[in-house]
């Protein structure tokens with residue numbers, strides 16, 4: 176098998192003798208396992224009619240809230256055959272991101288310690304980089320055998336949960352995540368669209384039954400019905416969306432800086448997981464004050480693997496300031512200095528959130544009497560109550 180750093184180019188024409196069928200799929204499974212994939216399955220490279228219909232329904236219902244991702248070009252993201260000429264199969268692979276607790280450091284604020292913000296589990300390590308490396312090895316084998324094969328992972332080209340469901344990787348949970356039988360949802364998903372003719376899997380039967388634990392576990396009630404996520408309320412999306420962070424969800428955000436795991440950690444299937452070990456560094460959270468003190472370029476270097484709108488550090492700072500309003504202590508000089516600096520920022524959106532954070536921590540003496548920007552004046556006109564633990 177070619178090494179990962181010597182992947183053959185896609186052939187201009189597909190060899191008539193290129194292998195396929197069940198025996199060849201078994202060979203690819205061995206390649207995938209050796210490359211670090213936990214499971215693979217195969218879906219047909221046909222239009223994802225069900226996914227396209229559901230996406231249109233979510234848009235019509237006003238549940239998308241400006242998200243792009245696979246919604247940006249649904250005619251492309253729901254048609255694997257449009258991604259690779261003459262494609263016949265989609266090989267779906269998953270890697271667990273359930274890091275063993277012993278490998279993870281503290282990720283919550285402790286009284287008297289520097290305030291910290293939590294990172295969602297899937298971003299503790301650059302799991303997508305590892306996933307892509309694994310998938311590239313599968314693609315290398317396919318190309319070496321005369322097939323076209325293109326890797327897609329974390330790039331919005333394909334609705335990966337739908338092809339994972341079609342490939343038999345798992346079923347859709349009530350939290351809209353793919354639940355792998357016996358292992359839960361802590362997996363990153365990617366695929367290889369290929370001209371190889373491979374036997375396709377069958378969707379896994381729903382395993383949730385009457386369980387609804389994930390629905391009340393959502394801190395903002397963003398699961399209005401089983402399998403449907405309201406992006407107007409989902410913290411993971413609100414952290415990524417530019418603009419003003421909705422005031423009604425700032426307290427619920429608490430100390431989250433990137434993503435939210437609550438609907439997954441409440442799931443009994445995910446709780447019965449088998450954690451994996453890692454050898455490299457694991458980042459479960461950030462020091463709020465320390466990251467706020469960095470210049471914008473440094474902030475973006477530090478969060479390079481995160482999705483940040485327009486790669487603009489403004490949105491990371493906005494989120495950190497909301498975190499500070501929820502977990503910062505007014506007796507900490509570093510907290511006071513950070514909020515004073517934010518209140519003098521040249522960006523109105525930063526000043527606006529700093530107004531909220533200062534009032535929530537009882538630091539009303541830092542607040543200006545007025546501000547030239549209407550966004551900031553609006554925040555000054557409706558200050559939040561003092562945080563309950565102060």
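In the working numbering, the protein residues as written are 176 to 565. Note that beta-carbon positions come from the ideal geometry of N, C-alpha and C, so glycine has one too. All figures in this text were calculated on a predicted structure; none of them were measured in a lab.
Kindly give me the distance between the Cβ atoms of residue i and residue j, rounded to whole angstroms, as I take these residues to be in contact under 8 Å.
i, j, result
"residue 367", "residue 303", "Contact doesn't hold; Cβ gap of about 15 Å is too wide."
"residue 406", "residue 238", "6 Å"
"residue 344", "residue 252", "With a Cβ gap of about 18 Å, residue 344 and residue 252 do not count as contacting."
"residue 488", "residue 471", "4 Å"
"residue 350", "residue 429", "Incorrect: roughly 19 Å between the Cβ atoms, too far for contact."
"residue 295", "residue 434", "2 Å"
"residue 386", "residue 450", "About 22 Å; that fails the 8 Å criterion."
"residue 288", "residue 306", "Going by Cβ atoms, the distance from residue 288 to residue 306 rounds to 34 Å, so no, they are not a contact pair."
"residue 490", "residue 298", "Incorrect: roughly 15 Å between the Cβ atoms, too far for contact."
"residue 533", "residue 542", "6 Å"
Who are the Cβ neighbours of residue i in its own chain at under 7 Å, not counting the five residues just before and after it?
i, result
"residue 335", "364, 365, 366"
"residue 330", "none"
"residue 413", "420, 421, 424"
"residue 441", "388, 389, 392"
"residue 396", "408"
"residue 197", "374"
"residue 257", "251"
"residue 399", "405"
"residue 244", "331"
Under 6 Å Cβ to Cβ from residue i, same chain only, skipping five residues before and after it: list those, please.
i, result
"residue 517", "496, 525, 529"
"residue 281", "Residue confidence for residue 281 is low, a pLDDT of 49 falling below 50, so the modelled location carries little weight; the figure read from the coordinates is stated next. Closer than 6 Å at the Cβ level, and outside the excluded window around residue 281, lies no residue."
"residue 309", "210, 211, 212"
"residue 546", "552"
"residue 463", "290, 292, 495, 498, 499"
"residue 372", "195, 263"
"residue 354", "345, 346, 348, 360, 444"
"residue 249", "227, 230"
"residue 376", "216, 217, 342, 343"
If we count the other Cβ atoms within 10 Å of its Cβ and call it buried at 16 or more, is residue i buried or exposed?
i, result
"residue 521", "exposed"
"residue 391", "exposed"
"residue 201", "exposed"
"residue 264", "buried"
"residue 155", "Since the first and last residues shown for the chain are 176 and 565, residue 155 lies out of range."
"residue 260", "exposed"
"residue 184", "exposed"
"residue 176", "The predicted position of residue 176 is uncertain, since its pLDDT is 42 and thus under 50; a value taken from the coordinates is nonetheless stated next. Flag for residue 176 reads exposed."
"residue 374", "exposed"
"residue 473", "exposed"
"residue 381", "exposed"
"residue 300", "buried"
"residue 437", "buried"
"residue 205", "exposed"
"residue 513", "buried"
"residue 316", "buried"
"residue 337", "buried"
"residue 459", "buried"
"residue 234", "exposed"
"residue 348", "buried"
"residue 255", "buried"
"residue 273", "buried"
"residue 427", "buried"
"residue 540", "exposed"
"residue 554", "buried"
"residue 236", "exposed"
"residue 384", "exposed"
"residue 503", "buried"
Per DSSP, which residues does residue i bridge with? Please list them.
i, result
"residue 554", "DSSP, once it has assigned bridges, lists no residue as partnering residue 554."
"residue 292", "461"
"residue 400", "403"
"residue 346", "354"
"residue 362", "271"
"residue 369", "264, 324"
"residue 433", "294"
"residue 443", "Note: residue 443 sits in no beta bridge, so no partner."
"residue 219", "264"
"residue 451", "274"
"residue 214", "269"
Which residues in the same chain have their Cβ closer than 8 Å to the Cβ of residue i, if we skip the five residues on either side of it in sequence?
i, result
"residue 379", "340, 343, 344, 345, 346, 356"
"residue 133", "Given a span of 176 to 565 for the chain in the structure shown, any question on residue 133 remains unanswerable."
"residue 477", "461, 466, 469"
"residue 567", "Residue 567 lies beyond the residue range present for the chain, which begins at 176 and ends at 565; the question has no answer from this structure."
"residue 418", "524"
How about residue i: is its Cβ closer than 7 Å to a heavy atom in the ligand NAP?
i, result
"residue 515", "In the structure on display, the ligand NAP does not appear, and there are no ligands present to speak of."
Kindly indicate if chain D contains any beta-carbon less than 8 Å away from that of residue i.
i, result
"residue 322", "No chain D is present in this structure, which holds just one protein chain."
Legend entry - Stretch pair the region 344 to 364 + the region 307 to 325: three plus CB contacts closer than 8 Å: no
Inset, instruction - Mind the definition here: the region 404 to 418 touches the region 236 to 253 only if three or more C-beta pairs lie below 8 Å; say whether that holds. - result: yes
Inset, instruction - Specify whether the region 212 to 228 and the region 266 to 275 touch according to this definition: at least 3 beta carbon pairs, one from each stretch, less than 8 Å apart. - result: yes
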